[in-house]
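First to last, the sequence lines map onto chains F and Z.
Residue numbering for the first sequence follows this note's numbering, beginning at 730 and increasing consecutively.
Residue numbering for the second sequence follows this note's numbering, beginning at 694 and increasing consecutively.
We treat Cβ as the ideally placed atom computed from N, Cα and C, and that holds for glycine.
Being a predicted model, the structure only gives us computed values, none of them experimental.
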Amino acid sequence: DAKTTQPTSMDCAEGRAANLPCNHSTISGNEYVYWYRQIHSQGPQYIIHGLKNNETNEMASLIITEDRKSSTLILPHATLRDTAVYYCIVRAFTNAGKSTFGDGTTLTVKP
Amino acid sequence: KAGVTQTPRYLIKTRGQQVTLSCSPISGHRSVSWYQQTPGQGLQFLFEYFSETQRNKGNFPGRFSGRQFSNSRSEMNVSTLELGDSALYLCASSRTGENEQYFGPGTRLTVT
Chain F
730 DAKTTQPTSM
740 DCAEGRAANL
750 PCNHSTISGN
760 EYVYWYRQIH
770 SQGPQYIIHG
780 LKNNETNEMA
790 SLIITEDRKS
800 STLILPHATL
810 RDTAVYYCIV
820 RAFTNAGKST
830 FGDGTTLTVK
840 P
Chain Z
694 KAGVTQTPRY
704 LIKTRGQQVT
714 LSCSPISGHR
724 SVSWYQQTPG
734 QGLQFLFEYF
744 SETQRNKGNF
754 PGRFSGRQFS
764 NSRSEMNVST
774 LELGDSALYL
784 CASSRTGENE
794 QYFGPGTRLT
804 VT
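Have a look at this one:
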């Protein structure tokens, strides 16, 4: 699975959009980009995934660059409950059971 | 629909002992994966089971083992516990044809 690079930490004001970047310059053609988050000591929670098109669901939007070497997770209106560690992962569809987690980005939403 | 459940939630063991952790996946999910999370090493993949067979394995010593039953429930076993095995052990399940993993709350193991 391709390696990802994320900033160690980010702050965001409550109610504003949180934009979390991820670099995955060695991504392969069959690898998807996944985002998970982990709120203190709980199990990681799936957020969203995409291959090459931008994706949106009720939690977030995922913007993938045209060359697929980087992506951005957007939480449109961050709340205090969005404070968590956010992980960007790349893996093949057929490798669903094995995720390689990096260090993630600690997002702190401030009032 | 019930989520992934793990038992026990907390466990304290002594060095040299062995421990068995249990995971019940979401109904209909046949893949179960195990991860270890420590402050120093982060979230690391242990192994994945699908249809009672180990499909993927991470880079952990043979003291770590697992199995899956016909109802997709899984157990992992750690023998000869070491202090460094203290960690949050997470189980995740996924459905065939879908590639999202759903994680359980984890079992917090403390080795003294």
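| Item | Value |
| --- | --- |
| For V819/F and V762/F, believed in contact at Cβ under 8 Å, the rounded distance | 6 Å |
| Nonlocal neighbours in the same chain, by C-beta distance under 8 Å from S790/F, ignoring five residues either side | I777, N783, E784, L802, I803, P805 |
| Start-to-end residues for the beta strand (DSSP E) that takes in P750/F | 747–752 |
| Every unbroken beta strand (DSSP E) within the segment 751–779 of chain F, with a cutoff of 3 residues, ordered by chain | 760–767, 774–779 |
| Chain Z contacts from the segment 823–834 of chain F (Cβ-Cβ distance under 7 Å) | A825, G826, K827, S828, T829, F830, D832 |
| Closer than 7 Å to chain Z by CB, Y775/F | yes |
| Exposure of D740/F, with buried meaning 16 or more beta-carbon neighbours within 10 Å | exposed |
| Cβ pair count under 8 Å reaching 3, the segment 732–740 of chain Z against the segment 708–724 of chain Z | no |
| Collapsed DSSP secondary structure at L774/Z in the structure displayed | coil |
| Segments assigned beta strand (DSSP E), at least 3 residues, entirely inside the segment 807–839 of chain F | 813–821, 834–839 |
| Contact set between R748/Z and chain F, taken where Cβ atoms lie within less than 7 Å | G826 |
| C-beta neighbour in chain Z for G772/F, strict 7 Å | yes |
| DSSP bridge partner residues for R801/Z (one or two, in chain order) | Y703/Z, L781/Z |
| Reference L704/Z, options S787/Z, L774/Z, E791/Z, closest by Cα | L774/Z |
| Residues near V838/F by beta carbon distance below 6 Å, same chain, minus five either side | C741, E743, A807, L809, D811, T812 |
| Bridge partners - S744/Z, DSSP secondary structure assignment | Paired residue(s): none; S744/Z is not in a bridge. |
| Counterpart residues of G751/Z in DSSP-defined beta bridges | None; G751/Z has no bridge partner. |
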